[in-house]
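Structure record follows, encoded as structure tokens.
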Amino acid sequence: MNHFTEEQRMIQQMVRKLAKEKITPRAAEIDETDEFPWDIVRMFGEHGLLNLVLPEEYGGVNANNTTLCIVIEELSKVSAACALTVFTTQALTNVLVRGGSDEQKKKFFAKFASGDKICAFVLTEPNAGSDAGSIQTKAILDGDNYIFNGNKVFITTGEVADFYLVFALTQPEKRAKGMSAFIVEKGTPGFSFGKKENKMGLRGSPTVELIFEDARVPKENILGKEGQGWKMLTEYGNLMRTWGAASTSLGIAEGALDYATEYAKQRMQFGKSIASFQAIQFMLADMAILTEASRSLIYRASSMIDSGTEQQSKIELMVSMAKCFTTDAAMKVTTDAVQILGAYGYTKDYPVERMMRDAKGVQIFDGTNQIQRVIISRNLIGKI
Amino acid sequence: MIQLTEEQNMIRDMVKKIAKDKIAPRSAQIDETDEFPMDYVKVYKENQLFKMVLPERFGGINANTTTLCLIVEELARAYASAPQMLVTTGAVLQILLKAATDAQQERFFKRLEEGTQICSFALTEPNFGSDAGSLQTKAVVDGDHYIVNGSKAFITSGEAAELHLVFVRTGGERAKGISVIMIDKDTQGFRVGKKEHKMGFNGTGTVELIFEDARVPKDNLVGEENKGWNLLTDIANMMRAWGAGCTALGNAQGALDYVVDYAKQRFQFGKPIASFQAIQFMLADMAILLESARSLIYRTAYAMDTDGESFNDIETLVCMSKAYAADVGMKVTTDAVQIMGGYGYTKEYPVERRMRDAKSVQIYDGSNQIQRVVIARNMLR
């Protein structure tokens, strides 16, 4: 993209190189074992990828939305599961940067300064998925602490993370209007981990249950004021879909397209490379069109966020469109990549079946594509 | 990445107003009669829109690709046929600006002032559509003139153009024997032939051009002899982003605008149909497709305006913009008719026209299949 800054191009090159040299050789194994790749995550820490949005004095680069898109896209070309750790970590630090108080920033930035801290974003509950406004986990003020009780599920990077951005009800009778956002540290008494999900894809990125049983969280860990949780979520949290789910999907689609294109040039049938057949050429062209349309939509939405020139409602619309479109595009592109590789593509000897399984996950997480359409049509139609 | 300039915002507002006041009210009638809309010509002349790509010294505004996109999108949002005479004229003027001599520019631009100011871009022949490199209209030198024989087919704006930019064969076979010459509508031996009776895209003056020993001054050759193909691939094909691409985009946006309002008004089962998720999701998907097409087009325009990417990458983006926007336009307009049900299928409402118009964009200006051939060729290079 020719509007990137010099610094963004440098970061892109660096991450591309790291992904190719360090992650590519491990990607299949990480998927197979579903083990959290501590070696890769340590490498992220050494290169500042867990601190991107922090100010320079804390080891960050003040990354804006577009920079985060670039990093996640590059990592996801090779391994979406590895990118997810950067995603959930930046999800917390990003909300902290935008919505935290000066004291909170100082306190937590100092804790993150070592560069190796992992974070998680904690919203979903067993009975509150798309209907996130109906969460039931309670955080009731008791002296200097909030007392947490409840269960959270499908928490990406759970258990391995050091810090958790948790949405809970401080005034349960007000439902979504009584929701607040907190930073909860691992090791907090009464805060433990339950079942780890055995997933179809995105393996190696742990998805776990969190359990709060009279967990005591210091009251200064609340972000903003009581009752501002929903605002934090919609104003700051939802924007992450551009560099989170959308850029993850873009990377997955690109990885699959690149692989299928190279394969088609090498694979001989009927005495010619299959890339010489128009049937294959048109599949590749359509996959490339969807991928470039995804990229255009993501970086246009991201540019709107960074420049601050558009209204919040327009940005919300663009973000939901970017999430929905790119994940659907990635599903189509990866499915066709498996098709082009034929039976080989269906085996674990080649990476495209993993990419197809990973793509399915992104249609579901970070607000299902159905919820994105609800948001989009609400913006489009207005009050009826 | 796409921060519009003050001037671009002003131009868009101006065109929006023209579209609303002058273009939209006549659209159904023009579609019905297939007349060439001379009232549109008058409005465009008054607002200098034919000359938009020209530098200021020729009365233009030096419009870059992004500006052209805005103009075409806004006009097509009112009526897909409306910007076509601007597209063909803009494409010809761009070639003249880049490849014609100063003397030729003076002469042709002055000639245009004497009439409609419209140019047509004449490439396609009855037997050479996607395979344009094999065209057969012949131009043979005879003293100071070329003698031109052959015919061109499906020429948009051909009915009303003052000047036709014509691709002719002056040399050997295929792409290496092709030249570009300007042919005045008053040239002896030239006439406008059959007007096509089309499914949609009416009012665009799509005609056959017939050359029977037409005598064209040699001085009307644009660029070098037998180098005409390069003018097509280097300059003209790039117009697909703002021509066909934005036509498809604007046309479909107009359809979506219409059905969003309709869905809020139309009551079934005691509620507006916009309150049903089945309709909401159709509308959401239509909007997603349009924004993805818009993002791709404006990114492509930005790349062209800033010259920040390689020729191949820009060519690929242009082909993607054209094919994708045209396919999206077809899908969105088809669903717009569906949402309006039986009413949408009638000529009382504009969406069936938009669906018919959308079909043409998948075909003209390089079929979507040819765009994919180019995309794949660049990918597999």
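Chains A and B are the protein sequences, given in the same order.
Those letters in the first sequence? Residues 1 to 384, by the numbering used here.
Those letters in the second sequence? Residues 1001 to 1381, by the numbering used here.
Here a beta-carbon is modelled for each residue, glycine too, at the ideal position from N, C-alpha and C.
Computed from a predicted model, the values in this text were never measured in an experiment.
Note to self: Quick check: the Cα distance between M200 of chain A and I30 of chain A, rounded to an integer number of angstroms?
What the structure shows: Translated into positions along the first sequence, residue 200 of chain A becomes position 200. Translated into positions along the first sequence, residue 30 of chain A becomes position 30. Rounded to whole angstroms, M200 of chain A to I30 of chain A spans 13 Å at the Cα level.
Notebook entry, point to check: So, using beta-carbon positions, are T1187 of chain B and T1088 of chain B closer together than 7 Å?
Noted result: Translated into the one-based positions of the second sequence, residue 1187 of chain B becomes position 187. Translated into the one-based positions of the second sequence, residue 1088 of chain B becomes position 88. Cβ atoms of T1187 of chain B and T1088 of chain B: not closer than 7 Å.
Checklist line | Length of the line joining the Cα atoms of R1191 of chain B and K1110 of chain B | finding: In the second sequence, the residue the question calls residue 1191 of chain B occupies position 191. In the second sequence, the residue the question calls residue 1110 of chain B occupies position 110. Roughly 22 Å between the two C-alpha positions.
Item checked: Pick from A:L317, A:K360, A:V333 and A:N51 that is closest to R373 of chain A, judged by C-alpha positions -> The residue you call residue 373 of chain A lines up with position 373 of the first sequence. Out of A:L317, A:K360, A:V333 and A:N51, A:L317 has the C-alpha closest to the C-alpha of R373 of chain A.
Next item on the list: Quick one: which residues of the region 349 to 365 of chain A get their C-beta closer than 8 Å to a C-beta of chain B? List them in chain order.
Entry: none
Checklist line | Cβ-based contacts, 8 Å cut-off: residues of the region 1310 to 1337 of chain B near chain A | finding: T1316, L1317, M1320, A1323 and Y1324
Check: I1288 of chain B versus chain A: which residues are under 7 Å apart at the beta carbon?
Finding: For the purposes of this step, residue 1288 of chain B is taken as residue 288 along the second sequence, with counting starting at 1. Result: M321, C324, F325 and I376.
Notebook entry, point to check: In chain order, which alpha helix (DSSP H) runs of at least 4 residues are fully inside the region 80 to 164 of chain A?
Noted result: 80 to 99 and 102 to 112
Notebook entry, point to check: What separation, rounded to the nearest whole angstrom, lies between the Cα atoms of V319 of chain A and Y146 of chain A?
Noted result: Stepping through the first sequence from its first residue, residue 319 of chain A is reached at position 319. Stepping through the first sequence from its first residue, residue 146 of chain A is reached at position 146. Rounded to the nearest angstrom, the two C-alpha atoms are 33 Å apart.
Checklist line | Spatial neighbours of K22 of chain A in its chain, beta-carbon cut-off 6 Å, leaving aside the 5 residues before and after | finding: In the first sequence, residue 22 of chain A corresponds to position 22, counting from 1. Once the five neighbours on either side are set aside, the close Cβ partners of K22 of chain A are M43.
Notebook entry, point to check: If you count every other CB in all the chains shown that lies within 10 Å of the CB of M240 of chain A, and 16 or more means buried, which is it?
Noted result: Against the first sequence, residue 240 of chain A aligns to sequence position 240. Answer is buried; the Cβ neighbour count reaches 16.
Item checked: Backbone CA spacing between K1331 of chain B and K174 of chain A [nearest angstrom] -> Position 331 of the second sequence, counted from the first residue, corresponds to residue 1331 of chain B. Position 174 of the first sequence, counted from the first residue, corresponds to residue 174 of chain A. Distance between the alpha carbons of K1331 of chain B and K174 of chain A is about 43 Å.
Checklist line | Residues, ordered as in the chain, of the region 1247 to 1273 of chain B that lie near chain A by beta-carbon distance below 9 Å | finding: L1256, V1260, A1263, K1264, K1271 and P1272
Next item on the list: Would you mind listing the alpha helix (DSSP H) stretches within the region 1068 to 1107 of chain B that are 4+ residues and don't spill past its ends, in chain order?
Entry: 1084 to 1099
Notebook entry, point to check: Mind checking whether V1041 of chain B and Q1094 of chain B have CB atoms under 7 Å apart?
Noted result: Position 41 of the second sequence, counting from 1, holds the residue named residue 1041 of chain B. Position 94 of the second sequence, counting from 1, holds the residue named residue 1094 of chain B. Contact: no.
Notebook entry, point to check: Which residues mark the beginning and the end of the beta strand (DSSP E) in which M1182 of chain B is found?
Noted result: Residue numbering aside, residue 1182 of chain B sits at position 182 when the second sequence is read from its first letter. I1178 to D1184 is the extent of the beta strand (DSSP E) around M1182 of chain B.
Check: Using the C-alpha atoms, what's the distance from E32 of chain A back to K196 of chain A?
Finding: Taking the first sequence and counting its residues from 1, one reaches residue 196 of chain A at position 196. Taking the first sequence and counting its residues from 1, one reaches residue 32 of chain A at position 32. Approximately 16 Å, taken between the alpha carbons.
Next item on the list: Reducing DSSP to helix, strand and coil, say where E1212 of chain B ends up.
Entry: By 1-based counting over the second sequence, the position of residue 1212 of chain B is 212. Here E1212 of chain B sits in strand by DSSP.
Notebook entry, point to check: What are the partner residues of A215 of chain A, as DSSP defines its beta bridges?
Noted result: As a first step, residue 215 of chain A is located in the first sequence; it is residue number 215 there, counting from the start. Answer by DSSP bridge pairing, in chain order: A:F148.
Notebook entry, point to check: Who are S296 of chain A's beta bridge partners in DSSP?
Noted result: The residue you call residue 296 of chain A lines up with position 296 of the first sequence. Answer is none; S296 of chain A lacks a bridge partner.
Notebook entry, point to check: Would you say R9 of chain A faces chain B, with C-beta separation under 7 Å as the test?
Noted result: Residue mapping note: residue 9 of chain A aligns to position 9 of the first sequence, counting from 1. No, no contact with chain B.
Notebook entry, point to check: Using a beta-carbon distance below 7 Å, is R1372 of chain B in contact with chain A?
Noted result: Along the second sequence, read from residue 1 onward, the residue named residue 1372 of chain B stands at position 372. Taking Cβ atoms only, chain A reaches closer than 7 Å to R1372 of chain B, which makes this a yes.
Next item on the list: State yes or no: is the C-beta of S296 of chain A within less than 7 Å of the C-beta of R1240 of chain B?
Entry: In the first sequence, the residue the question calls residue 296 of chain A occupies position 296. In the second sequence, the residue the question calls residue 1240 of chain B occupies position 240. Contact: no.
Checklist line | Contact between the region 337 to 348 of chain A and the region 1227 to 1234 of chain B (3+ Cβ pairs under 8 Å) | finding: no
Check: Between I384 of chain A and A1274 of chain B, which are expected to be in contact by the criterion C-beta below 8 Å, what is the C-beta distance as a whole number of angstroms?
Finding: Taking the first sequence and counting its residues from 1, the one referred to as residue 384 of chain A is at position 384. Taking the second sequence and counting its residues from 1, the one referred to as residue 1274 of chain B is at position 274. 5 Å between Cβ atoms; contact.
Item checked: Start-to-end residues for the beta strand (DSSP E) that takes in M179 of chain A -> Numbered from 1 along the first sequence, position 179 holds the residue referred to as residue 179 of chain A. Here the beta strand (DSSP E) through M179 of chain A covers M179 to E185.
Item checked: Integer-rounded CB distance, given that G1189 of chain B should sit under 8 Å from F1211 of chain B -> Position 211 of the second sequence, counting from 1, holds the residue named residue 1211 of chain B. Position 189 of the second sequence, counting from 1, holds the residue named residue 1189 of chain B. Yes, F1211 of chain B and G1189 of chain B are in contact; Cβ-Cβ is about 6 Å, under 8 Å.
Item checked: Segment contact flag, the region 355 to 363 of chain A with the region 302 to 316 of chain A, C-beta cutoff 8 Å, min 3 pairs -> no
Margin query: If the criterion is Cβ atoms closer than 7 Å, does the pair L1249 of chain B and A1293 of chain B meet it?
Written below: What you label residue 1249 of chain B is simply residue 249 of the second sequence in a count that begins at 1. What you label residue 1293 of chain B is simply residue 293 of the second sequence in a count that begins at 1. Yes, these two residues count as a Cβ contact at 7 Å.
Check: What is the C-beta distance between I340 of chain A and A264 of chain A, in whole angstroms, given that I count them as a contact (C-beta under 8 Å)?
Finding: Your numbering for residue 340 of chain A matches position 340 in the first sequence. Your numbering for residue 264 of chain A matches position 264 in the first sequence. Confirmed, Cβ separation roughly 6 Å.
Checklist line | C-beta contact flag for Q1117 of chain B and F1050 of chain B at 7 Å | finding: For the purposes of this step, residue 1117 of chain B is identified with residue 117 of the second sequence, where counting begins at 1. For the purposes of this step, residue 1050 of chain B is identified with residue 50 of the second sequence, where counting begins at 1. Closer than 7 Å, so yes.
Next item on the list: Tell me whether F1267 of chain B is buried or exposed, calling it buried when 16 or more other Cβ atoms sit within 10 Å of its Cβ.
Entry: Against the second sequence, residue 1267 of chain B aligns to sequence position 267. It is exposed - the Cβ of F1267 of chain B has fewer than 16 other Cβ atoms within 10 Å.
Checklist line | Integer Cβ distance of I118 of chain A from V71 of chain A, believed to fall under 8 Å | finding: Within the first sequence, the letter at position 118 stands for residue 118 of chain A. Within the first sequence, the letter at position 71 stands for residue 71 of chain A. Going by Cβ atoms, the distance from I118 of chain A to V71 of chain A rounds to 15 Å, so no, they are not a contact pair.
Item checked: Spatial distance of F109 of chain A from A1082 of chain B (CA atoms) -> In the first sequence, counting from the first residue as 1, residue 109 of chain A sits at position 109. In the second sequence, counting from the first residue as 1, residue 1082 of chain B sits at position 82. Near 57 Å, if we compare the C-alpha coordinates of A1082 of chain B and F109 of chain A.
Next item on the list: Could you tell me which residues DSSP pairs with S192 of chain A in its beta bridges?
Entry: In the first sequence, the residue the question calls residue 192 of chain A occupies position 192. In DSSP, S192 of chain A forms a bridge with A:I211.
Next item on the list: Out of A:D286, A:F167, A:Q311 and A:W230, state which residue places its alpha-carbon closest to the alpha-carbon of K152 of chain A.
Entry: Sequence index remark: in the first sequence, residue 152 of chain A carries index 152 (1-based). Closest by alpha carbon: A:F167.
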